[in-house]
Amino acid sequence: MEQNKAKKLYDLLEQIPVTEENESIIKEIKEDIDNGRYSNTLKNIAKLKSMGSDIEKRTGLRGKNSKKEKENIYPKKLSNVELERQYIGLLLTNPKSIVKYYFLYEECFFEDSEVLNIYKSVLFTEGGNYTPEIAKRNFNFSKEDEHVYELKNKLKKEVSGKKYDMEKIYIELKKLFVLRKHYLSIPIQEIQDKIVEIKDYTLYDQMSVQEVENAIVQVNDTGKFKRAILNKGLSAFLELGDNNLTNGLPLPFPILTSVFKGIRKGETMAFSMPSNSGKSRFTIDIAAHTALIYHKKVLVISNEMSEDKMRLCLITTIINNKEIQKLHGEELIKTEGELLEFKFRPDKNIKDVEIDENGFVVRKEGESQKDFVERLSKISTEFNKVIKITDWANEQINNSIYFINITDHTNDELRKVIMNYYYKEKIEYVFYDTLKTDTANIGIGEELKKTATILSNLAQNFNLYICSTLQLAETDTLPVNLTVNDLAVSRTVKEVLDTLCLIKQINRDTLKNYEYSLNEVDTEYFDLKMYEDPDVRYYACVVDKNRAGAKPTLLFRLNLAYNVWEELGYLRLKQ
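Take the sequence shown: its position 411, counting from 1, is numbered 968 in our numbering, and each next residue is one higher.
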């Protein structure tokens, strides 16, 4: 009877982890059990049990049912029960070796719960007199029964007469424990897969425990970087043509599309113009083209134009852009000024309507905006076409154009804005007008490179296309002779960009000095036609940087009133 009580108390005691604080109390409890002081023993065990934890809790090993539970703990490559059995067999054969070949509680990640149980037995029983105190810390006592006794003998027989190198087995097991520990501690599949891959390193067998630790650190630190074997899949790369170098979306300009291979995710592009030259309008032209023609969600970030101005510019672009007209089905020409002033012409068959000198319907005195709109809907096909176009644009949910105005911001806020829209809407095409230093570094040109670097990193790490506008200085440099030195900000920003265009208006008085051709090498050249309309302007576009190849100088024509940009050809000074 007394022996049965003692056994039950020992069973309770083995559930308590041994720590530096409770080790002396546990020894006293053992003495109480041996001396039959069972009441005092139960009180102390209850007190100690509330203080403890056990290694099984963090490895998933839970006693009798552990074999079923452990199956999904580690992937096959991190499984090696045979190595664990060899290690324990050698410890049982020579318990003194525990003085050197032990695992601390936080380093111990046995896969087999029965092997773990016997390891604890070696710590406190077979090798108890040799085990360093630090090695016992936080472990509880082992469970001892006939099955455990038989397994110990079996493990000793498995290593008996064989020339195992304890040093080598211990190091291999410790490396494996390191991999298992980090595998469990980082519940991110991609990182876990990289940790498992370490086991397949060509020179893994030669790696030390510290080198395995270092490899895991590298996996964590470089997990955000894209890695590949460059000479793998080369044939498919060429034959399929499905790669970031060839599948860029076309710009609304054929030559620039050919030069840059389109707008490609993973890259940053910049267009630089002087102040008040049309940077925001150029941005809207490309953004609308990307969203509506190619059905992509885009984000326009602006610290230049307000939401209302951008919205008006967008409506003007959607109405007048010939490619977009093919989508909404309305052929219409309407200036931004007419839209702003809400000017619409009546139908020709409408007689009793007051019009101004330009033929636009005059709003009646005292007429509310609502009543004026209702009247226009009855007498003006032009008005109805505009509303039909804007209604169509409203329905383009899957190719929406998102906008945010950030006049004062830090680089971190800019990054967060982009990432928020990326995760929320999966926006992969971003337009930033105008690229400037953050709030803390206003006026420090060199700081602009830091902002550009952040954008470049975002583009590469998250496979985004980020297009920015830059400020071009007001200089006497001829438009065709622009260089990076004409930037109004840091020249070094060019270093982190994939493409850079320098764009400047050609003075009307000097149009006669220029000519353009349809091909880069051509025999036929054309003069620049002079227009009386001051809204029609010519721009030289110098491709200053292009990682994809050629750097031509091109000619653009802008009709400011309609925000219509046309790429005419290759520009040069007359010879």
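Glycine residues also receive a C-beta, built at the ideal position from the N, C-alpha and C atoms. Every value quoted in this text rests on a predicted model; they were computed, and no experiment measured them.
Within the continuous beta strand (DSSP E) that includes C1024, where are the two ends? Residues Y1022 to Q1028.
Does the Cβ of V672 have 16 or more other Cβ atoms within 10 Å, making it buried, or fewer, making it exposed? Burial state of V672 is buried, judged by a 10 Å Cβ sphere holding 16 or more other Cβ atoms.
Give the DSSP bridge partners of G1126, in chain order. Paired residues: L1112.
Q1062 bridges to which residues according to DSSP? Beta-bridge pairing links Q1062 to Y1096.
Hey, out of I755, T1110 and V918, whose CA is closest to P903's CA? For P903, the nearest C-alpha among the options comes from V918.
Note down, in chain order, each residue of its chain lying with its Cβ closer than 6 Å to the Cβ of Y1095, except the 5 sequence neighbours on either side. Excluding sequence neighbours, Y1095 sits near I1063, L1085 and R1114.
Exposed or buried, which one is E628 when buried takes at least 16 other CB atoms within 10 Å? Because the pLDDT at E628 is just 49, under 50, the model does not fix this residue reliably, and the value given afterwards should be weighed accordingly. When all chains shown are included, E628 counts as exposed.
Given N674 as reference, the closest of R1104, S699 and Y658 once Cα atoms are compared: Cα-wise, what sits closest to N674 is S699.
Can you list, in chain order, the residues of its chain whose CB lies under 6 Å from that of K621, leaving out five sequence neighbours each side? A caution first: K621 carries a pLDDT of 41, below 50, which makes its placement in the model unreliable, though a value can still be read off. Nothing meets the Cβ criterion.
What is the rounded straight-line gap between the Cα of F901 and the Cα of K942? Computed Cα separation, rounded: 11 Å.
Neighbourhood of E757 by C-beta distance below 8 Å, restricted to the same chain and skipping five residues each side: Going by the sequence as given, residue 757 is Asp instead of Glu. Leaving aside the five residues that flank D757 on each side, the residues in its chain whose CB is nearer than 8 Å to its CB run, in chain order, K634.
As a quick exercise: from E880, Q1028 and A848, pick the residue whose alpha carbon is nearest that of N556. For the chain, the structure presents residues 558 to 1132; residue 556 sits outside this window and is missing.
Decide if M830 is buried, meaning its Cβ has at least 16 other Cβ atoms within 10 Å, or exposed. Buried, because 16 or more other Cβ atoms sit within 10 Å of the Cβ of M830.
Using CA coordinates, which residue listed in L1054, D990 and D1090 is at the minimum distance from R1065? Here the closest residue by C-alpha is D1090.
With S957 and K866 assumed to form a contact (beta carbons below 8 Å), what rounded beta-carbon distance in angstroms separates them? Approximately 19 Å separates the beta-carbon atoms of S957 and K866; this is outside 8 Å, ruling out the contact.
For the alpha helix (DSSP H) that contains I645, what are its first and last residues? Where I645 is concerned, the enclosing alpha helix (DSSP H) stretches over V638 to T650.
Of the choices E898, R972 and M764, whose alpha-carbon is the least far from that of N915? Closest in C-alpha terms to N915, from the list E898, R972 and M764, comes E898.
May I ask you to check if the CB of Y986 is nearer than 7 Å to at least one heavy atom of the ligand MN? The ligand MN is absent from the structure shown, which contains no ligands of any kind.
Count the CB pairs spanning the segment 653-665 and the segment 680-692 that are closer than 8 Å, and state whether there are at least three. Verdict: yes, contact present.
For L1012, which residues from the same chain have a beta carbon less than 6 Å from its beta carbon, with the 5 sequence-adjacent residues on both sides left out? Taking L1012 as the centre and dropping the five residues before and after it, the same chain places the C-beta of T825 and I1023 closer than 6 Å to its C-beta, in chain order.
Distance CB(L1021)-CB(L1015) smaller than 8 Å: In this structure, L1015 lies closer than 8 Å to L1021 by Cβ.
Run of the beta strand (DSSP E) containing S863, from where it starts to where it stops: Where S863 is concerned, there is no enclosing beta strand (DSSP E), because DSSP gives it neither an H nor an E.
Across which residues does DSSP place L1057 in a beta bridge pair? DSSP output for L1057 lists A827 and K1102 as bridge partner(s).
If distances are taken between C-alpha atoms only, which option among C1098, N1116, G1126 and D1055 comes closest to N877? Closest in C-alpha terms to N877, from the list C1098, N1116, G1126 and D1055, comes N1116.
Quick one: what does DSSP say K664 is sitting in, helix, strand or coil? According to the sequence displayed, residue 664 carries Glu and not Lys. Helix, per DSSP.
Reduced DSSP category for L896 - H, G, I as helix; E, B as strand; rest coil: Reduced to three states, the DSSP call for L896 is helix.
Which runs of the alpha helix (DSSP H) fall wholly inside the segment 930-1015 and span at least 4 residues, in chain order? Taken in chain order, the complete alpha helix (DSSP H) segments of 4 residues or longer contained in the segment 930-1015 are 938-951 and 968-982.
Spell out the partners DSSP gives L1044 in its beta bridges. Beta-bridge pairing links L1044 to L1029.
Please classify Q843 as buried or exposed, where buried requires at least 16 other C-beta atoms within 10 Å of its C-beta. For the sequence presented, residue 843 should be read as Ile rather than Gln. It is buried - the Cβ of I843 has at least 16 other Cβ atoms within 10 Å.
If E668 sits next to V638, beta carbons under 8 Å apart, how far is it from one beta carbon to the other, in whole angstroms? Indeed, because the Cβ distance is near 6 Å, the residues count as touching under 8 Å.
Contacting residues, own chain, Cβ-Cβ under 8 Å from E641 (five flanking each side not counted): Hits under 8 Å: F667, E668, D669, V672 and L730.
Strand pairing of I820, partner residues [DSSP]: According to DSSP, residue pairing for I820 in a beta bridge involves L806.
Taking only three categories from DSSP, how would you classify E1072? Three-state DSSP puts E1072 in a strand.
For V974 versus I858, is the C-beta spacing smaller than 8 Å? With respect to I858, V974 sits close: the two C-beta atoms are nearer than 8 Å.
By how many angstroms is the C-alpha of E939 removed from the C-alpha of L933? Rounded to the nearest angstrom, the two C-alpha atoms are 9 Å apart.
So what's F696 in DSSP terms, helix, strand or just coil? Reduced to three states, the DSSP call for F696 is strand.
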